[in-house]
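Colleague: All the letters of the sequence shown, read from the start, carry residue numbers 0 to 186 under numbering that gives the first Met the number 0. Starting off with a structure, shown below.
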Amino acid sequence: MPEPFPPDPVRAEGPPLVTAGRSGAPRLVVLDPAGAAKHEGLPATWRPLAENHEILWCRIPVEGAWRETAETLASPERSDLVTSGPLAADALQLAAEHPASVRSVLLVDPAAEGLLSPGDAAVADEAWLVRHDAEIAALRDSGVEVQVLAHSSDDPHDQVPSPLPLGHDWVVDALREALAELESAGR
0 MPEPFPPDPV RAEGPPLVTA GRSGAPRLVV LDPAGAAKHE GLPATWRPLA ENHEILWCRI
60 PVEGAWRETA ETLASPERSD LVTSGPLAAD ALQLAAEHPA SVRSVLLVDP AAEGLLSPGD
120 AAVADEAWLV RHDAEIAALR DSGVEVQVLA HSSDDPHDQV PSPLPLGHDW VVDALREALA
180 ELESAGR
């Protein structure tokens, strides 16, 4: 059973939304359960993505972040929605409410609603996908792709419990690959 995330009032400080990149470029909407980007800058691993994307980083622990997310998805621009663990089901629901403005839902450690052992993450993610199969199928039928980008593993190089932080190198590398696949498929 996942352990709940400990409250972190420091992460609740700062802006609810951090923006970067080129306006009008392909849009990435990030639902960050950890509240990174506190000082109004993207994690360093994400900065190169801003060269070819508009990035809207929604810092969910901050009051007003959900409102900002809803306003963003209400606009006509298509977005790729990226999130991890505790917000995975919320991301599916948001995509179902805004299928015309969401191209894909890209997930990291979706089963991690709390801390999981890295060795358990892949199995937990598969079980999560099975539990949410009907929602995922409905999204795909409406033209929204759903994909798990990355999950913690028991690899000796993975020293981070599940969920992997959205700024982790593995997450950003997998995101680049997923975006390239979506583009090459004409989505």
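Glycine included, every Cβ here is placed at the ideal spot set by N, Cα and C.
Just to confirm the assignment: which complete beta strand (DSSP E) runs, minimum length 3, are found wholly within the segment 86-172?
Modeller: 101-107, 144-149, all fully within the segment 86-172.
Colleague: Answer yes if the segment 97-110 comes into contact with the segment 36-53, meaning at least three C-beta pairs across the two stretches below 8 Å, and no otherwise.
Modeller: No: fewer than three Cβ pairs fall under 8 Å.
Colleague: Determine the contact status of residue 90 and residue 104, defining contact as a CB-CB distance below 8 Å.
Modeller: Taking 8 Å as the Cβ cut-off, residue 90 and residue 104 qualify as a contacting pair.
Colleague: Taking the beta strand (DSSP E) that residue 19 belongs to, which residues open and close that run?
Modeller: That run of the beta strand (DSSP E) goes 16-20.
Colleague: Judging by CA-CA distance, which residue of 162, 75, 144 is the nearest neighbour of residue 120?
Modeller: The option with the nearest alpha carbon to residue 120 is 162.
Colleague: Helix or strand or just coil, what does DSSP make of residue 179?
Modeller: Residue state, collapsed to three classes: helix.
Colleague: Using only CA atoms, which one of 177, 29, 141 lies nearest to residue 84?
Modeller: With distances taken between Cα atoms, residue 84 lies closest to 29.
Colleague: If you count every other CB in all the chains shown that lies within 10 Å of the CB of residue 168, and 16 or more means buried, which is it?
Modeller: Answer is exposed; the Cβ neighbour count stays below 16.
Colleague: Can you name, in chain order, every residue of its own chain whose Cβ lies under 6 Å from the Cβ of residue 111, other than the five neighbours on each side?
Modeller: 84, 161, 162, listed in sequence order.
Colleague: Between the Cα of residue 181 and those of 170, 152, 142, spot the shortest distance and give me the residue it belongs to.
Modeller: Per the Cα distances, 142.
Colleague: Which residues does DSSP pair with residue 54 in a beta bridge?
Modeller: DSSP lists 19, 27 as partners of residue 54.
Colleague: Evaluate the contact criterion for the segment 11-22 versus the segment 55-73: three or more CB pairs, one atom per stretch, below 8 Å.
Modeller: Short answer: they touch.
Colleague: Taking C-alpha atoms, which residue in 23, 24, 42 lies nearest to residue 165?
Modeller: Considering only alpha carbons, the answer is 42.
Colleague: Report the rounded CA-to-CA distance for residue 150 versus residue 23, giving the unit in angstroms.
Modeller: Going by the C-alpha atoms only, they are around 30 Å apart.
Colleague: Could you check what DSSP says for residue 174 in three-state terms: helix, strand or coil?
Modeller: Looking at residue 174 - three-state DSSP - the assignment turns out to be helix.
Colleague: With residue 80 as the anchor, note down where its beta strand (DSSP E) starts and where it stops.
Modeller: First-last of the beta strand (DSSP E) with residue 80: 78-83.
Colleague: Check for me: the alpha helix (DSSP H) holding residue 41 runs from which residue to which?
Modeller: Counting along the chain, residue 41 falls outside any alpha helix (DSSP H), and DSSP gives it neither H nor E.
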